[in-house]
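Shown next, in structure tokens, is the structure this report addresses.
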Amino acid sequence: MNVCIVGTGYVGLVSAACLAETGNRVVCVDSDEAIVAALRQGRVPIYEPGLEPLLQRNLAEGRLSFTTDLQEGMEPSDFLFNCVGTPPREDGSCDLGQVRRVARDIGDRMAEYKIIVNKSTVPVGTAEEMRAIIAERLSARGLALEFDVVANPEFLKEGDAVNDFMKPDRIIVGTDNVRTAKLLAALYAPFARSRDKLIVMDVRSAELTKYAANCMLATKISFINEIANLCERLGADVGAVRRGIGADPRIGYHFIYPGMGYGGSCFPKDVKAMVAAARQAGYEPELIAAVDAVNARQRVVLPGKILRHFNERGGAAGRRIALWGLAFKANTDDLRESSALALIAELTAAGMQIRAFDPAAGRKAAARFGPGTGVEICEDQYEALEGAEALAIATDWNQFRNPDFARMRSLMHTPLIFDGRNLYDPAAVAAEGFHYVSIGRPASVPGQAANRFFS
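Residue numbers 5 to 459, in my numbering, belong to the letters of the sequence shown in order.
Take a look at the structure:
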């Protein structure tokens, strides 16, 4: 089939490369000439494991191309995938400016039947609005063409997006047109060979499904962080509690990892958008609003521990801290809403100096933190430790999970770790000679059992 992808961001590139991989002819459209030029050379502007070689292979084999001309992408295509950004407004609601512009551009150019597929995360009612915009632009041209607007939300995890697209849990299609549903089933058939994964529903329900899924996952994260904070005050261990509740299949272990709160481009934006949409509809979403509030509070838990420690020992100003991890999660270079950035803001505001390392996000962070910011980006995780009075861990990269503790101790001024991701066993780290502070678990001190909390 012939597919046009509008928007070469995270969702657009992954969708394009994966659809091309199954034999479709895919044209990607973006208004940024520099990005299109780089993509034509096979250079991917984002870090996503497996994406670049997939894109380069399909580019070389002629199934994937890039252009700044929407007409060029539209003319041969059966499907027009809308993958443009929907950033948050100041009030948390979704900014549909780019989506509306795409709808106008399609209406100004369309000359035959097309299926417009909304893959961007959009509020309920957006497909109807796009349909109205396209119909209005067609009418202004004196045309009355048939077309469909479908909700087909993405469920891609950053760091595993290619696998998520190629082997999806489900494929949500929102349409009332049986023929359109069958055409999309044919397009997605290569990704659902083991079982039927297509779930067809009305458009509004499909649009809401994406928000509901992300809000549910965010709720699990905020819940376990709430329990972690309670553990610290009641003398319990959140790791033990997690194992106990996760064994119940109704709860499960997924997304109940305590830490520094959720971040990235989806959960923060979508939770706020859901709250805003509910209030616009005259309903107060108390639970979802609380999820957002708990997450905001959790982002300052680890910096609070660090600042209290140093303020009790002569003050935080001028202290040197090492930081491992800058991206909001492992296997991505995405800094959006990263808890590491919140930690940096709190610590540098108190006059602390930070030397940070991230295996993927370091380059982006270096562009953000220049001279005078109190932040130095290092090329190696151990380089960041030199002379540090403490190490803070903000991202759970695999290379941080089993480090050389002896080397760490030799480089650091003080063997002290503040772990925002609970990567290590407290007793084992104490045995390596470190004072170790994590989230919702007893702090451990060399030569002393882990029987007290550092809060």
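Note that beta-carbon positions come from the ideal geometry of N, C-alpha and C, so glycine has one too.
Burial state of A24, where buried means 16 or more other Cβ atoms lie within 10 Å: buried
Enclosing beta strand (DSSP E) for I260 [first to last residue]: Counting along the chain, I260 falls outside any beta strand (DSSP E), and DSSP gives it neither H nor E.
Residues of its chain near T223, where Cβ-Cβ distance is below 8 Å and the 5 sequence neighbours each way are ignored: L291, I292 and V295
Reduced DSSP category for G308 - H, G, I as helix; E, B as strand; rest coil: Residue state for G308 is assigned as helix, using DSSP reduced to three classes.
N- and C-terminal bounds of the beta strand (DSSP E) containing I9: N6 to V10
Distance between A394 and Y440 (C-alpha atoms, nearest Å): 10 Å
Outcome for N2 when other beta-carbon atoms lying within 10 angstroms are tallied against a minimum of 16: In the structure as shown, the chain starts at 5 and stops at 459, and residue 2 therefore has no counterpart that could be examined.
Meets three-Cβ-pair contact criterion under 8 Å: the stretch 312-326 and the stretch 334-345: no
Cα-Cα separation, G286 to V279: 11 Å
Nearest candidate by alpha-carbon position, reference I119, set I9, P363, G263 and G376: Closest by alpha carbon: I9.
G146 versus D152, G163 and M114, residue with shortest Cα-Cα distance: M114
E52 versus F169: straight-line alpha-carbon distance, rounded: 13 Å
Alpha-carbon to alpha-carbon, I228 and P363: Distance between P363 and I228, taken at the CA atoms: about 28 Å.
Runs of beta strand (DSSP E) wholly within the stretch 151-212 (minimum 3 residues, chain order): 151-155, 175-178 and 202-205
Burial state of T377 (16 or more Cβ within 10 Å): exposed
Boundaries (first-last residue) of the alpha helix (DSSP H) holding S19: Y14 to E25
Rounded separation between V154 and M134 - CA only: 10 Å
Test item: CB-CB of E236 and G101 under 8 Å: no
Those runs of the beta strand (DSSP E) which lie wholly inside the stretch 53-122 and span at least 3 residues: 68-71, 83-86 and 118-122
Beta-ladder partner(s) of R359, from DSSP: A326 and E380
Same chain only: Cβ atoms within 7 Å of V30, ignoring 5 sequence neighbours per side: Within the same chain, V7, I9, A20, L23, A24, R67 and L68 come within 7 Å of V30 by CB-CB distance, once the 5 residues on both sides are set aside.
Coarse secondary structure for G444, derived from DSSP in three states: coil
Contacting residues, own chain, Cβ-Cβ under 7 Å from A320 (five flanking each side not counted): L311, F314, A354, G355 and M356
Pair within 8 Å by beta-carbon distance, K201 and P172: yes
Any chain D beta carbon closer than 8 Å to L17: Any reference to chain D falls outside this structure, which holds one protein chain only.
6 Å Cβ shell around N156 - same chain, five flanking residues per side excluded: V121, K123 and V177
Own chain partners of G268 with C-beta closer than 7 Å, once the 5 adjacent residues on each side are dropped: E162, F332, K333, D338, R340 and E341
Classification of Q385 by the beta-carbon crowding that lies within 10 angstroms, buried from 16 upward: buried
Under 8 Å between C-beta atoms of I110 and L84: yes
Residues near P450 in its chain [Cβ-Cβ closer than 6 Å; skip 5 each side]: A434 and G437
Option in P446, F151, I39 and P407 with minimal Cα separation from D180: F151
Rounded straight-line distance, which links the Cα of V275 to that of A281: 10 Å
Length of the line joining the Cα atoms of V33 and P272: 27 Å
Rounded straight-line distance, which links the Cα of E211 to that of A196: Going by the C-alpha atoms only, they are around 21 Å apart.
Presumed contact (8 Å Cβ cut-off) between A396 and I381, rounded CB distance: The pair is not a contact, with the Cβ atoms about 15 Å apart (cut-off 8 Å).
Sheet register partners of A396 (DSSP bridge): A396 pairs with L327 and F422.
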